[in-house]
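All you need for the numbering used here is the position in the sequence shown, starting with 1, plus 92. The beta-carbon is built from N, C-alpha and C at its ideal position, and this holds for glycine as well. Below: one structure, written as C-alpha cells.
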Amino acid sequence: MPRNAYVTLVTNADYADGAYALVRSLKLTGTEADIVVMHTGGVAVDDLVALEDLGAELVKADLLPTSAGFNERHARAKIHADHPFTKGDKPAFHTPLDNFAKLRLWELDEYDTVVFIDADAIVVRNIDKLFGYPEFSAAPNVYETLADFRRLNSGVFVAKPSRATFAAMLDKLDAPDALWPRTDQTFLQSFFPHWHGLPVFYNMLQYVWFNLPELWDWASVSVVHYQYEKPWQDDHAKADRLRPLIDLWQAYFDGESIPDVGSLPNPAKPAQ
Ligand code: UDP
Ligand code: MN
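Printed below as a string of C-alpha cells:
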C-alpha cells in the first residue's frame, strides 16, 4: 500500500489555530491518509495538544540551517521594505523566514506522496485523488487576473519525500546571495520549472471571492486558502468583503454544524 500524508507547518500559536481548523476539515472529508503537523520550537506544547487530540501526528521540524546572510536577506523588515506587499496585508505573526521550513517535508521519506497544505486553508471536500498526481503539482497563484495562471501558489502542492531532493534543495536555496522574495513559493517555482498545474479549485485563494467572482463555484471548490489576512484575526481591512468565507472558517474551527459547501451561494457576479 502506498503511504500518503497531508502535511502542514506551524511555527507559532496563531498558525496552530489555523492548523486546528485545517485538520478538523480534513478529518471531515473522511480521508484515511495520515495528517502530519510539522512544528518548530516556536509553538508551545499546550497549543499542539488540541491538534494531537484531533488525530494529527506531530513532527518536530527545526527551521532550516540557512546562513546568517540568507537570514538577513529574508528578515521580515527587509522583505517588506525591498519587496512590499501591495495587494494585501500580512499579519504581524507572519515571519517570512519560517516559511522555508516547509521544505522539511521532503525529509518525511516514510511517505511515498505528501500533499502539503498551508495552515491558513481548509479542505471542504475530499481531495485524496491528489495523491495520484506527480511531483511537483500545484495550483496557480490566481487572485487578481487570469493572466496569473502561469505562476504557482505554494499553499497546496503534491510532493514525493526524498532526502536527496531535500539536500539538493538546501544547496540551491542558500547559494551565495540567493534571494527568494516570496520565500518558498519563489523557490519552488524555480526548483521545479516544469511543475504540473492543478485545477484552481484545489487552492482557491480568498481574494478570488471579490476580484474574480465569476471563477468561484462552490460546486467545485475543494480547498479555500486565506492568503494575506487571516480569518482568525480580530479584524482586518478586507473582513467585510470576505465575511461569508470568514464565517465558513469559523464553522470549521469551532462550529457544531458545518454547512454543505455545495449548497452555499456563490459570490455576486459583477454587473455586465
Ligand atoms: N507559517 C508559519 N509561521 C509563520 C509563517 C508561515 O507557521 O510565521 C506557515 C503556515 O503553515 C502558513 C504557511 O507557512 O500557512 C505560509 O504562510 P502564509 O500562509 O501566512 O502565507 P500566505 O498564504 O499569506 O502567502
Ligand atoms: Mn497561506
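Opening and closing residue of the beta strand (DSSP E) in which residue i lies
{"i": "H317", "result": "V315 to H317"}
{"i": "G247", "result": "L244 to A251"}
{"i": "P232", "result": "S229 to P232"}
{"i": "T205", "result": "T205 to I209"}
{"i": "Y344", "result": "Per DSSP, Y344 belongs to no beta strand (DSSP E); it is in the alpha helix (DSSP H), R335 to D346."}
{"i": "N163", "result": "Where N163 is concerned, there is no enclosing beta strand (DSSP E), although the alpha helix (DSSP H) it sits in stretches over A160 to R165."}
{"i": "V115", "result": "V115 -> not in any beta strand (DSSP E); alpha helix (DSSP H) instead, spanning A105 to L120."}
Cβ neighbour criterion (16 or more within 10 Å) applied to residue i
{"i": "D352", "result": "exposed"}
{"i": "F223", "result": "buried"}
{"i": "A213", "result": "buried"}
{"i": "A153", "result": "buried"}
{"i": "R196", "result": "buried"}
{"i": "Q342", "result": "exposed"}
{"i": "V137", "result": "exposed"}
{"i": "T100", "result": "buried"}
Beta-carbon spacing of residue i, residue j below 9 Å
{"i": "A125", "j": "Y98", "result": "yes"}
{"i": "L155", "j": "T103", "result": "yes"}
{"i": "Y203", "j": "N358", "result": "no"}
{"i": "L290", "j": "A231", "result": "yes"}
{"i": "S355", "j": "W310", "result": "yes"}
{"i": "D266", "j": "T158", "result": "yes"}
{"i": "A211", "j": "A111", "result": "yes"}
{"i": "R242", "j": "T121", "result": "no"}
{"i": "V248", "j": "I209", "result": "yes"}
{"i": "H328", "j": "D181", "result": "yes"}
{"i": "S282", "j": "W198", "result": "no"}
{"i": "F284", "j": "K264", "result": "no"}
Extent of the continuous alpha helix (DSSP H) to which residue i belongs
{"i": "I219", "result": "From DSSP, I219 is part of no alpha helix (DSSP H); its letter is neither H nor E."}
{"i": "L271", "result": "Segment: none, L271 is in no alpha helix (DSSP H) and carries neither H nor E."}
{"i": "N358", "result": "Segment: none, N358 is in no alpha helix (DSSP H) and carries neither H nor E."}
{"i": "A97", "result": "Taken as a continuous stretch (DSSP letters only), A97 belongs to no alpha helix (DSSP H), being part of the beta strand (DSSP E) at N96 to V102."}
{"i": "I350", "result": "Premise fails: I350 is in no alpha helix (DSSP H) and is neither H nor E."}
{"i": "L262", "result": "R255 to L265"}
{"i": "R196", "result": "It is not in any alpha helix (DSSP H) - R196 carries neither H nor E in the DSSP assignment."}
{"i": "P183", "result": "P183 -> no alpha helix (DSSP H), and no H or E assigned at all."}
{"i": "P188", "result": "P188 to N191"}
Residues bridged to residue i [DSSP beta-bridge criterion]
{"i": "M296", "result": "V316"}
{"i": "H288", "result": "S229"}
{"i": "A213", "result": "H317"}
Exercise. Enumerated in chain order, which unbroken segments of the alpha helix (DSSP H) with a length of 4 residues or greater are wholly contained in the segment 125-157?
Worked result: 137-146
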